[in-house]
Amino acid sequence: MREWLAPLLLTCACAQAGTNAGGGGGGGGGGGGMDANNTQLDSGMQFFDAPGPRDSAVLPPDAAVGDMFKETVDLTMAYGDSIACAVQTGGDTGNTYDDTWYRAFQLSDYPEITGGFHISSVNVGVQEAKAAGTITVNVVSYAGALDGATLDVSGSTLLGTGTVNPPNTSGETGESITATVSADIPAGGKFVVEVVAPDTDTTGYFYVGGTASAQTHLGYVSSVACGITPENATTAGETGSLIMEVVGTR
33 MREWLAPLLL
43 TCACAQAGTN
53 AGGGGGGGGG
63 GGGMDANNTQ
73 LDSGMQFFDA
83 PGPRDSAVLP
93 PDAAVGDMFK
103 ETVDLTMAYG
113 DSIACAVQTG
123 GDTGNTYDDT
133 WYRAFQLSDY
143 PEITGGFHIS
153 SVNVGVQEAK
163 AAGTITVNVV
173 SYAGALDGAT
183 LDVSGSTLLG
193 TGTVNPPNTS
203 GETGESITAT
213 VSADIPAGGK
223 FVVEVVAPDT
233 DTTGYFYVGG
243 TASAQTHLGY
253 VSSVACGITP
263 ENATTAGETG
273 SLIMEVVGTR
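Using my numbering, you'd call the opening residue of the sequence shown number 33 and step up by one each time.
#1: Under the assumption that Phe223 contacts Ser173 (Cβ atoms under 8 Å), give the Cβ distance between them as a whole number of angstroms.
#2: From the DSSP output, which residues share a beta bridge with Arg135?
#3: Could you pull the DSSP bridge partners for Gly242 from this structure?
#4: For Asn155 and Val225, what's the separation of their Cα atoms in angstroms?
#5: Tell me, please, which residues DSSP counts as bridged to Tyr237.
#6: Look up Asp141 in the DSSP assignment and say whether it is helix, strand or coil.
#7: What residue range does the beta strand (DSSP E) around Thr212 cover?
#8: Give the secondary structure of Ala110 by DSSP, where H, G and I count as helix, E and B as strand, and everything else as coil.
#9: Report the rounded CA-to-CA distance for Thr281 versus His249, giving the unit in angstroms.
#10: For Asn264, which option in Val253, Ile209, Gly157 and Gly272 has the closest C-alpha, if you only look at C-alpha atoms?
#11: Is Ala257 helix, strand or coil by DSSP?
#12: Let me check one thing: in DSSP terms, what residues is Val154 bridge-paired to?
#13: Rounded to the nearest angstrom, how far is the Cβ of Ser255 from that of Asp131, given a contact under 8 Å?
#14: Less than 8 Å between C-beta atoms, sequence neighbours within five positions excluded: which residues of the same chain meet that for Ala268?
#15: Once you ignore the five residues that flank Asp221 on each side, which residues in its own chain have a CB closer than 6 Å to its CB?
#16: What number of angstroms, rounded off, separates the C-alpha of Val119 from the C-alpha of Gly241?
#17: What is the DSSP secondary structure of Ala268, counted as helix, strand or coil?
#18: If Ala257 sits next to Tyr129, beta carbons under 8 Å apart, how far is it from one beta carbon to the other, in whole angstroms?
#19: Return the bridge partner residues of Asn170 from the DSSP annotation.
#20: Looking only at its chain, what residues have a beta carbon closer than 6 Å to the beta carbon of Thr271, apart from the 5 residues adjacent to it on each side?
#21: By DSSP, does Thr182 sit in helix, in strand, or in coil?
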């Protein structure tokens, strides 16, 4: 029997040099020579001021600014708020089948991001894990609306992917994992983060972390084993808000 189950358990100093008007007369000093009419000739040597520190023609472009954002008020895990497609055979084993958790993001929600955004990694909360195998984190394109009852990523394009093997958790302290993912989001773009856990029904489990704090957009969950396509995680039974944090540069 398979069911959704919450586990029990440039500053610079620039010297300026004036124009050299040449040296003395008779004898043809080093500043220049005489022509036939005894007129001082310019030596041809000139010095020009160095460009000032605010000369935009010579300044390098601004360095990229690091940033991170999320869709929950905080990232404090609340134990027991997670769900997964879990095994139940005459009793709760806690082992889990395949699961995928999702969050859809739009750059317009973050006023400090006025152009595109380069994603370098994604942090994911972990409620508990044991022999969880390899977790895959994908970033895919998204063109739909946010906060619908379901999430349609069927026409999405993979923008970046990464993997991470979570260690076994201990107690109810709440932990996090970080997957290195490189993806570029265009200005004003939308994207979806997918956290994919493999089927470990005979070997272990993985439950994504949730927080009791409010969320700005809905999270979603799906499972092939439980016959669930991406649907609102709250509707599926999650009592918390999925913990995902996107890290990168703007």
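Where is the CB? At the ideal position from N, CA and C, for every residue including glycine.
Quick caveat: nothing in here was measured; it's all calculated off a predicted structure.
So, from the listed chains and residues:
#1: By one-based count along the sequence shown, residue 223 stands at place 191. By one-based count along the sequence shown, residue 173 stands at place 141. Contact holds; Cβ gap of about 6 Å.
#2: Working through the sequence shown from its first residue, we reach residue 135 at position 103. Answer by DSSP bridge pairing, in chain order: Val225 and Gly251.
#3: In the sequence shown, the residue the question calls residue 242 occupies position 210. Answer is Leu274, bridged to Gly242.
#4: Within the sequence shown, numbered from 1, the residue matching residue 155 stands at position 123. Within the sequence shown, numbered from 1, the residue matching residue 225 stands at position 193. Their backbone Cα atoms lie some 11 Å apart in a straight line.
#5: Position 205 of the sequence shown, counted from the first residue, corresponds to residue 237. DSSP, once it has assigned bridges, lists Lys162 as partnering Tyr237.
#6: If you number the sequence shown from 1, residue 141 lands on position 109. Asp141: helix per DSSP, three-state reduction.
#7: What you label residue 212 is simply residue 180 of the sequence shown in a count that begins at 1. Looking at the DSSP string, the run of the beta strand (DSSP E) that includes Thr212 is Glu207 to Ile217.
#8: Translated into positions along the sequence shown, residue 110 becomes position 78. Coil at Ala110, not helix or strand.
#9: Here residue 281 corresponds to residue number 249 of the sequence shown, with the count starting at 1. Here residue 249 corresponds to residue number 217 of the sequence shown, with the count starting at 1. Cα-Cα distance, rounded: 22 Å.
#10: Residue 264 sits at position 232 when you count from the first residue of the sequence shown. Closest by alpha carbon: Val253.
#11: Reading the sequence shown from its first residue, position 225 is the one you call residue 257. It is coil, neither helix nor strand.
#12: Taking the sequence shown and counting its residues from 1, the one referred to as residue 154 is at position 122. Bridge partners of Val154: Ala211 and Val278.
#13: Here residue 255 refers to the residue found at position 223 of the sequence shown. Here residue 131 refers to the residue found at position 99 of the sequence shown. Right, their Cβ atoms sit about 5 Å apart.
#14: The residue labelled residue 268 in the question sits at position 236 within the sequence shown. Here the set comprises Trp36, Ile115, Val253 and Ile260.
#15: Looking up residue 221 in the sequence shown gives position 189. Strictly speaking, residue 221 in this sequence is Gly, with Asp absent from that position. Answer for Gly221: Leu139, listed in chain order.
#16: Within the sequence shown, the letter at position 87 stands for residue 119. Within the sequence shown, the letter at position 209 stands for residue 241. In a straight line, the C-alpha of Val119 is about 19 Å away from that of Gly241.
#17: As a first step, residue 268 is located in the sequence shown; it is residue number 236 there, counting from the start. In the structure shown, Ala268 sits in a helix (DSSP, three-state: H, G or I).
#18: Reading the sequence shown from its first residue, position 225 is the one you call residue 257. Reading the sequence shown from its first residue, position 97 is the one you call residue 129. Yes, Ala257 and Tyr129 are in contact; Cβ-Cβ is about 3 Å, under 8 Å.
#19: As a first step, residue 170 is located in the sequence shown; it is residue number 138 there, counting from the start. DSSP output for Asn170 lists Thr193 and Glu226 as bridge partner(s).
#20: For the purposes of this step, residue 271 is taken as the residue at position 239 of the sequence shown. Once the five neighbours on either side are set aside, the close Cβ partners of Thr271 are Asp113.
#21: Your numbering for residue 182 matches position 150 in the sequence shown. DSSP places Thr182 in strand when its eight states are reduced to three.
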